[in-house]
Amino acid sequence: MEDLPEINDIKDAELRAKVIEGWAFSLAGSTFKRISDMPGEGNPNILVLKRGSQAAHLRGVAHYAMKMVEEFEITNPEIRVDKDIVLAGALCHDIGKPYEFDPVNRKRWAEDPSRAGDPCLRHSVYGAHVCLSVGLPEEIAHIALGHSLEGQHIGLSTECYIVRHADHTWWTIAGALGLIEPESLVNIDKMMRPRDLGAIKPAKVA
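Take the position in the sequence shown, starting the count at 1, then add 20; the result is the number in this note's numbering.
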């Protein structure tokens, strides 16, 4: 997939194919044609990137998660991590967002939240459904569910823990760097003082 070239780095051919199938299935149930059509947001209207789509977030989390594994492998070669699961899990952790972010669904839920809730299902829950529906390993479905708030209610696998922290840290650092719309910085580190990108001045050369 053009939006997620890192899929090609998944070594297991069957897992690689299932990741593609999973995203195709998820997008087909929405009005989005591709991942890059979805706005770059943590949740609808929350943690809104100033530029960039969901593809930028997914790729960033995948890079970050794999770098963490690489660092620990260098300093602690005895560790055991399934890197294919980490990479596939990072690329699929938000696989339920086409459903939660779909404008048609959001309009229907908002019109009468008393019927099916608003949203009916969060992307983490729907993402686990997508993963299991297309035959992705339960380890990936676990990451899709466990990376978000729902992860507070279950025991997390090692690979899920890595992706969960890569995801949360990615949004936090993006906020600190001034890459997120200030009014959308909800439920994020209270110690953060986001940088004003327009106020950065080049360092003087002595």
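Ideal Cβ placement from N, Cα and C applies to all residues, glycine included.
Check: Ordered along the chain, which non-local residues of its own chain (more than five positions away) have a Cβ less than 7 Å from that of M88?; Outcome: I182, A186
Check: Spell out the partners DSSP gives P59 in its beta bridges.; Outcome: S73
Check: If you measure between the beta carbons of E159 and G109, is that distance less than 9 Å?; Outcome: yes
Check: Whose C-alpha, out of V206, A75, A130, N65, is nearest the C-alpha of I115?; Outcome: A75
Check: Within the continuous alpha helix (DSSP H) that includes I193, where are the two ends?; Outcome: 178–196
Check: Is V68 helix, strand or coil by DSSP?; Outcome: strand
Check: Look up I30 in the DSSP assignment and say whether it is helix, strand or coil.; Outcome: coil
Check: With distances taken from CA atoms, which of K31, L24, P59 is nearest A44?; Outcome: L24
Check: Taking just the CA atoms, how far does V150 sit from P118?; Outcome: 11 Å
Check: Tell me which residue opens and which closes the alpha helix (DSSP H) that E131 is part of.; Outcome: 123–131
Check: Measure the C-alpha to C-alpha separation of G127 and W191 and round it to an integer number of angstroms.; Outcome: Here the sequence assigns Lys to residue 127, which means Gly is not the residue at that position. C-alpha separation (whole angstroms): 26 Å.
Check: Just grab the DSSP bridge partners of I200 for me.; Outcome: L69
Check: Where does S168 sit, in a helix, a strand or coil, going by DSSP?; Outcome: coil
Check: Within this structure, are the beta carbons of G198 and L217 separated by less than 9 Å?; Outcome: yes
Check: Just to confirm, are S50 and V106 a CB contact at a threshold of 9 Å?; Outcome: no
Check: Would the beta-carbon of L47 fall within 9 Å of that of K53?; Outcome: yes
Check: Please determine if the segment 130–148 and the segment 88–103 are in contact, where contact requires at least 3 C-beta pairs separated by less than 8 Å.; Outcome: no
Check: How should D104 be labelled, buried or exposed, when 16 other C-beta atoms within 10 angstroms of its C-beta is the threshold for buried?; Outcome: buried
Check: Do R54 and the ligand SAM come close, with the Cβ less than 8 Å from some heavy atom?; Outcome: Here there are no bound small molecules, and the ligand SAM is not part of this structure.
Check: Should P202 go down as buried or exposed, given a rule of 16 or more other Cβ atoms within 10 Å for buried?; Outcome: exposed
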